[in-house]
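Participant: Residue numbers (our numbering), protein chains in the order written: chain A, 5 to 371; chain B, 5 to 371; chain C, 5 to 371; chain D, 5 to 371. Idealized CB from N, CA, C, for every residue including glycine.
Number of protein chains: 4
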Amino acid sequence: MSGNTFGKSFTVTTFGESHGIALGCIVDGCPPGIELCEADLQHDLDLRKPGTSKFTTQRREPDQVKILSGVFEGKTTGTPIGMIIENTDQRSKDYSNIADTFRPAHADYAYTHKYGFRDYRGGGRSSARETAMRVAAGAVAKKFLLAKGIEVRGYLSQLGPIKIDNENFDWNEVRNNPFFCPDSTKVPEMETYMEALRKECNSVGAKITVTATGLNPGLGEPIFDRLDAEIAHALMSINAVKGVEIGDGFDCVAQKGTEHRDEMSPEGFLANHSGGIVGGISTGQDIIAHIALKPTSSMAIPGRSINSAGEAIEVVTKGRHDPCVGIRATPIAEAMLAIVLMDHYLRNRGQNADVVCTTPIINGQVD
Amino acid sequence: MSGNTFGKSFTVTTFGESHGIALGCIVDGCPPGIELCEADLQHDLDLRKPGTSKFTTQRREPDQVKILSGVFEGKTTGTPIGMIIENTDQRSKDYSNIADTFRPAHADYAYTHKYGFRDYRGGGRSSARETAMRVAAGAVAKKFLLAKGIEVRGYLSQLGPIKIDNENFDWNEVRNNPFFCPDSTKVPEMETYMEALRKECNSVGAKITVTATGLNPGLGEPIFDRLDAEIAHALMSINAVKGVEIGDGFDCVAQKGTEHRDEMSPEGFLANHSGGIVGGISTGQDIIAHIALKPTSSMAIPGRSINSAGEAIEVVTKGRHDPCVGIRATPIAEAMLAIVLMDHYLRNRGQNADVVCTTPIINGQVD
Amino acid sequence: MSGNTFGKSFTVTTFGESHGIALGCIVDGCPPGIELCEADLQHDLDLRKPGTSKFTTQRREPDQVKILSGVFEGKTTGTPIGMIIENTDQRSKDYSNIADTFRPAHADYAYTHKYGFRDYRGGGRSSARETAMRVAAGAVAKKFLLAKGIEVRGYLSQLGPIKIDNENFDWNEVRNNPFFCPDSTKVPEMETYMEALRKECNSVGAKITVTATGLNPGLGEPIFDRLDAEIAHALMSINAVKGVEIGDGFDCVAQKGTEHRDEMSPEGFLANHSGGIVGGISTGQDIIAHIALKPTSSMAIPGRSINSAGEAIEVVTKGRHDPCVGIRATPIAEAMLAIVLMDHYLRNRGQNADVVCTTPIINGQVD
Amino acid sequence: MSGNTFGKSFTVTTFGESHGIALGCIVDGCPPGIELCEADLQHDLDLRKPGTSKFTTQRREPDQVKILSGVFEGKTTGTPIGMIIENTDQRSKDYSNIADTFRPAHADYAYTHKYGFRDYRGGGRSSARETAMRVAAGAVAKKFLLAKGIEVRGYLSQLGPIKIDNENFDWNEVRNNPFFCPDSTKVPEMETYMEALRKECNSVGAKITVTATGLNPGLGEPIFDRLDAEIAHALMSINAVKGVEIGDGFDCVAQKGTEHRDEMSPEGFLANHSGGIVGGISTGQDIIAHIALKPTSSMAIPGRSINSAGEAIEVVTKGRHDPCVGIRATPIAEAMLAIVLMDHYLRNRGQNADVVCTTPIINGQVD
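Structure, rendered in structure tokens:
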């Protein structure tokens, strides 16, 4: 009801605030017998963590994850996996001056009306810092899926005005630059753009694309829990996301049926306009989804707002912020897609469908 | 788990196939004491029903809804509202010739891999006919919300290449033409376009916009059940939808922070780029969402495909189809938005928060 | 939230009031390919239906069930199964005189405080008539389980003061008398007792035992969704039930560990005190549960109560009532146990784990 | 699906094994603005914790709880409350010798068949140690309820053969002895009994009674989520519980209607056979529930069993065990009852129904 849990068979429940003691999550429903250790999760967490380049927030958080349960002798047990990340760089003094002000386009005003008051330390629960736990949980899902031949990957497909096209697309480049950009020729342009943006104290939006390869047809549920509907839910739940597309997305509006429909042949589909999902169920084509992220609302350019008494004020958000939240969003989007796919995989097959037990069954009761 | 239920506090569960005996749904969690009758639902059902103009499928279905429970002496009782619509125009012979073929861009192939076989009569459960029950359930939500001062409305914002702009926008025109088009000056252009499309036996996509006015700030849940995430889920679950935007949506990608952020004043917000939702929670601005609908896959132009043995075939989909499914989608999108808003309203307030009981409480037990 | 749905993987949602137009339910999550027809359900409904002997209510209801969806060509499709039973013998005039009075030990007073008013026609939604749909849904589960070698059966183990012992126990007798009594030698005693009870216009309690044979070890979930906890939930949700025991139940209180523990041998368990569940998970022994049903509250002996203004009144409940609701409860208890077991079976294995698809997978996309 | 979460509006999700790094839980759905600190939880944890008397296990665990999120400036924020308890006394060597053996009446055998292997350290997830987190979560609920005038309390009503009667009943005595016994005159008898039991290395069952006073009528949901059904679920989910009764429970079987029905008068109910719940909904009478706990299965008297190869063996369970698990079960039963009541309270009223926001609403958008 309070919305801190995602998934039905494979569920992720998170807790924690930006400047609290720790973030944590419970990953439930993971099948037993999967090899899992903290390093598996840390890899993705390191991709998301702040302070890795000059284009992200300078807050220093190692985001060191600790597994507290659910793993025994290096393998999952089938019981819930508890994890925490301690917050180390809290500096909440940065925020005390804004306790009574509402920053434009932040959750401050809405939270205050929902809860009657708010945790003003760095946005509290509304901070994107919460997504660290999603990345840790998503890493469990990515590892599970990979063992089934399903690979989830993402990349930055547009940074402000700079679009990525197919010409120089190279998956191997995505991890080679701070932008998750698959086209190495665009990286210098992005660097220049971001430098200028920082100087004008402004922020900018971005577009991320996430994909999954290797799915069989038949994953997803018709009607309300269509695979695309759940992906839309998962991706729109990421901070700053304002739009989700599956396959051709909004380009469909002006397409004709002959143009859009993916014809089939015994050798495979002849196109992939659908983004791998038809009728809410996977077709076996690659899953393709795009998301739009709005420009960060925290910036040092003054904006008109109100305070908690309803009076007009001017707000300048100081402190350490990402000028483009989209830059660090690729691992988060991968995590959420992986969580949806693993959830649907297990909804189809059950948590324990693959369990092998060598202990014999004794036949009921001796008379 | 099987995805036929939507909502947490206010839930809608549907059943029924395109050519089965009846469609039905259970609306659960509606507060007691709301005036409700079949005519309230029929109004919206008549807007969605097929055969009302030459631009939609010619299947004749009166879509007459019957309330079976949950209403007593003209008011809801707080118990589940069961409803059915009988199917009258089934003509399933139209479909028997395609029992072993997969129509390109239909759910046929995916369903077969999920379930091992399929109900080939008009798409069975994958048919958009299922959305009739969503419209009936949504009408309950719309009535409830309206009593709280919240109005949900939608319109066609683009038909293929024809875009609606703000110049001649008039809410009163939406119900005056078969397209749900708010600009009367565009209607003749749409008619001409659709006539040509029908002659070439093709189909086309569309864009629908849905809005809600009158919400207070504070509706929605942070993290996974953000109001925008649930709206994205609800709208993407509608047949043929491939994209969802909240507020400025994909335009955010190239926006700067100063451009996107909605500044505030004591008199109100100075803009609405956010679409009325920040941090997943309503701000009190109008809720604005856009969806992209793909062109209908059923068409009389032959397409390459395979049959159930995996052999190459050519498919022509005969029968009665909507050349643009977007045309009838406006009431469905309104229904889904209303269901999400009512659900979140009750998640905040509870089903029985407004109950007034005139019977005195007797104080526990007499010793 | 409103509690009209039971189950997680295999779910049953019911609607309908005692004197409304119809009762109905949606059974969701049933795997595809299961043979199912109305006669399968009618068999169990006929066991529960009123008016079959002089020891139950004389209301005449054929309880004829109609399947509206989810079955195609004689098999389940994997999509939701909608069902209805029309109410035929409504005679709601019987009840109008009690619209403003609260019958002692009925739900009237509690419903009024929850909803602000009540449907006074025969108890409305609080009537045990609702359980007809549980029996129909349970029949689906019983059929599924039987195909897996799991048999769910129940019997009357005590009627008021008359207890069933093991001496003359015969499963074959259960369906041979109106009491579901497994000991034919006790039947005359029960008949005499019930005749006397009817003459004094009183009612009496009963105890029902339900069992399941053929389960493998490993069914159930630890912690909150233990198999025994879900069985307790399911059985306590039946009208008039005030107690649930698993295995030795309350006899455990005075037992020592050496007496209670079921020792194991390669040939099987050496006893079954646990009722087939340890740590919340099935052991492979028979599942055994007992329930206590209170005496019917409706009776023609006057009782002290209050009216809706809070004034003292005297109430006599006329009309057609079961003098022992336990008599018809055996099929309901079987249904609820079957629903729990099928739900847990599918939580382990998934809805589609057994699907066989003969259509080849075409390999993704042709470049 | 995996059953580690309880509740719908107010939810508790736990993780952790007996000999893992830590136990933890997430309490979600708690309304904002409730005063809460670790001492509030520690009080109840200290009542449950092991090693407080010679009649419980001698494992030394301080059970020190730490709140990681959801509380800001001494009050709940409405966001999830994360908590952990570190395990300090793990000594897992005690258990390594039983890695390949199944202890009679333990979850070992069932877990192995469910998951394919098991965490043999002290029962892993199946240990009653998990209930520590339930007690912490329940303390949140108890505090919330108390502020609404609802008090949840429990006591030991039977220890093996020693029954508590009403004669010397005194709530104030419950916390004055290690048994949670409300009759001080029975305590010496219990001490003697437990001493003798320990000498013979055996164990024994117990009965616990939990009550709630101060509820208004109208709490609970009809049909499947009846208040009594959810209480039965919650209480049966506690380790070792084999039976649950509401009000008169199994005594109802032999009662007549005139004897059982609780008559009403303007001054109150004239009796409380129902245990405060009719038709699944609270009546305003005291809630009364009883549970039966089986004797501990761990004991030093050899028992027949099998090993993981299915061979016959003899098992002696050494180590530190409670000879009567019922002794420490009172705070756990109180916690579970409180969680159910708070959940239903919020299902009726919503999480934020009581929020007061002093910040004015700015009216939508300035044109």
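Kindly list the residues whose CB is nearer than 8 Å to the CB of D93 of chain B, restricted to its own chain and excluding five residues on each side of it in sequence; keep chain order.
Facilitator: R63, R64, E65.
Participant: Applying the 10 Å Cβ sphere with the 16-neighbour rule, what's the burial state of F173 of chain C?
Facilitator: exposed
Participant: Can you give, in chain order, each stretch of the alpha helix (DSSP H) that sits fully within the region 28 to 74 of chain A and has at least 4 residues?
Facilitator: List check, alpha helix (DSSP H) in window: 42 to 52.
Participant: Can we say the region 17 to 29 of chain D touches the region 42 to 53 of chain D, given the rule of at least three CB pairs closer than 8 Å?
Facilitator: no
Participant: Counting only runs of 4+ residues fully inside the region 261 to 329 of chain A, write out the alpha helix (DSSP H) ranges in chain order.
Facilitator: 261 to 264
Participant: Could you name the residues of chain D that F121 of chain B contacts, counting a contact when the two beta carbons are closer than 9 Å?
Facilitator: What F121 of chain B touches in chain D: nothing, since even the nearest Cβ is about 26 Å away.
Participant: Please name the residues in the region 34 to 54 of chain A whose beta-carbon is closer than 8 Å to at least one beta-carbon of chain B, in chain order.
Facilitator: none
Participant: Cβ of Q369 of chain C less than 8 Å from any chain B Cβ?
Facilitator: It does not; no Cβ of chain B falls within 8 Å.
Participant: So, for G279 of chain B: in the same chain, excluding its five sequence neighbours on each side, which residues have a beta-carbon less than 6 Å away from its beta-carbon?
Facilitator: I250, G251, I292
Participant: Does E263 of chain A have its Cβ less than 8 Å from a Cβ in chain C?
Facilitator: no
Participant: Thinking F183 of chain B and M194 of chain B are a contact (beta carbons under 8 Å), I'd like their distance in whole angstroms, please.
Facilitator: 5 Å
Participant: With V344 of chain C as the anchor, note down where its alpha helix (DSSP H) starts and where it stops.
Facilitator: 333 to 353
Participant: For the alpha helix (DSSP H) holding F14 of chain A, just list the boundary residues, first then last.
Facilitator: Note, F14 of chain A: premise wrong, no alpha helix (DSSP H); not H, not E.
Participant: With a Cβ-Cβ cutoff of 8 Å, do S302 of chain D and G128 of chain D count as a contact?
Facilitator: no
Participant: For D290 of chain C, would you say it is in contact with chain A, using Cβ-to-Cβ distances shorter than 8 Å as the test?
Facilitator: yes
Participant: Quick one: residues in its chain with C-beta nearer than 7 Å to the C-beta of G247 of chain D, no 5 flanking neighbours on either side, listed in chain order?
Facilitator: I295, A296
Participant: Just checking: is the beta-carbon of Q355 of chain A within a distance shorter than 8 Å of some beta-carbon in chain D?
Facilitator: By this cut-off, Q355 of chain A is an interface position.
Participant: Under 8 Å, with one C-beta from each stretch per pair, do the region 315 to 324 of chain B and the region 101 to 109 of chain B reach the 3-pair mark?
Facilitator: The region 315 to 324 of chain B makes contact with the region 101 to 109 of chain B, as at least three CB pairs between them are under 8 Å.
Participant: Are D32 of chain C and N206 of chain B close, meaning C-beta to C-beta below 8 Å?
Facilitator: Against a cut-off of 8 Å, the Cβ pair of N206 of chain B and D32 of chain C comes out as no contact.
Participant: Taking 8 Å as the CB-CB limit, is S207 of chain B close to chain C?
Facilitator: no
Participant: Please work out which residues of its chain come closer than 6 Å, Cβ to Cβ, to N311 of chain C, disregarding the five sequence neighbours upstream and downstream, and give them in chain order.
Facilitator: D104, T105, I317
Participant: Run through chain B and tell me which residues come within less than 8 Å of N180 of chain C, C-beta to C-beta.
Facilitator: Per Cβ cutoff of 8 Å: no residues; N180 of chain C is ~36 Å from chain B at best.
Participant: Run through the DSSP bridge pairs and tell me what R157 of chain C is partnered with.
Facilitator: C:T215
Participant: Who are the neighbours of H237 of chain D on chain A, taking C-beta pairs under 9 Å?
Facilitator: The premise fails here: H237 of chain D is roughly 18 Å from chain A at the closest Cβ pair, so nothing lies under 9 Å.
Participant: When you compare only the Cα positions, how much space is there between E77 of chain C and F148 of chain D?
Facilitator: 55 Å
Participant: By the DSSP assignment, the beta strand (DSSP E) with K146 of chain C in it spans what residues?
Facilitator: Where K146 of chain C is concerned, there is no enclosing beta strand (DSSP E), although the alpha helix (DSSP H) it sits in stretches over 135 to 151.
Participant: Between A:N170, A:A140, A:G153, A:E134, which lies nearest to I343 of chain A when the distance is taken from Cα to Cα?
Facilitator: A:A140
Participant: According to the neighbour-count rule (16 or more other Cβ atoms, all chains shown, within 10 Å of its Cβ), is E171 of chain D buried or exposed?
Facilitator: exposed
Participant: Quick one: using the 10 Å Cβ neighbour count with 16 as the cut-off for buried, is V360 of chain C buried or exposed?
Facilitator: Within a 10 Å sphere around the beta-carbon of V360 of chain C sit fewer than 16 other beta-carbons, which makes this residue exposed.
Participant: Going by DSSP, what residue range makes up the alpha helix (DSSP H) through K118 of chain D?
Facilitator: 112 to 119
Participant: How far does the beta strand (DSSP E) with M87 of chain B in it extend, from its first residue to its last?
Facilitator: Run containing M87 of chain B: 85 to 90, per the beta strand (DSSP E) assignment.
Participant: Measuring alpha carbon to alpha carbon, tell me which residue in A:S286, A:R332, A:E338 is nearest D112 of chain B.
Facilitator: A:S286
Participant: Closer than 7 Å between beta carbons: that is the criterion. Which residues of the region 213 to 224 of chain A meet it against chain C?
Facilitator: N220, P221
Participant: Give the single residue among B:K79, B:R133, B:K118 whose Cα lies nearest to the Cα of G82 of chain C.
Facilitator: B:K118
Participant: Could you list which residues in chain C have their beta carbon closer than 8 Å to that of I372 of chain A, in chain order?
Facilitator: What is shown of chain A runs 5 to 371, which leaves residue 372 of chain A out entirely.
Participant: Using the three-state DSSP reduction, which class does V360 of chain A fall into: helix, strand or coil?
Facilitator: coil
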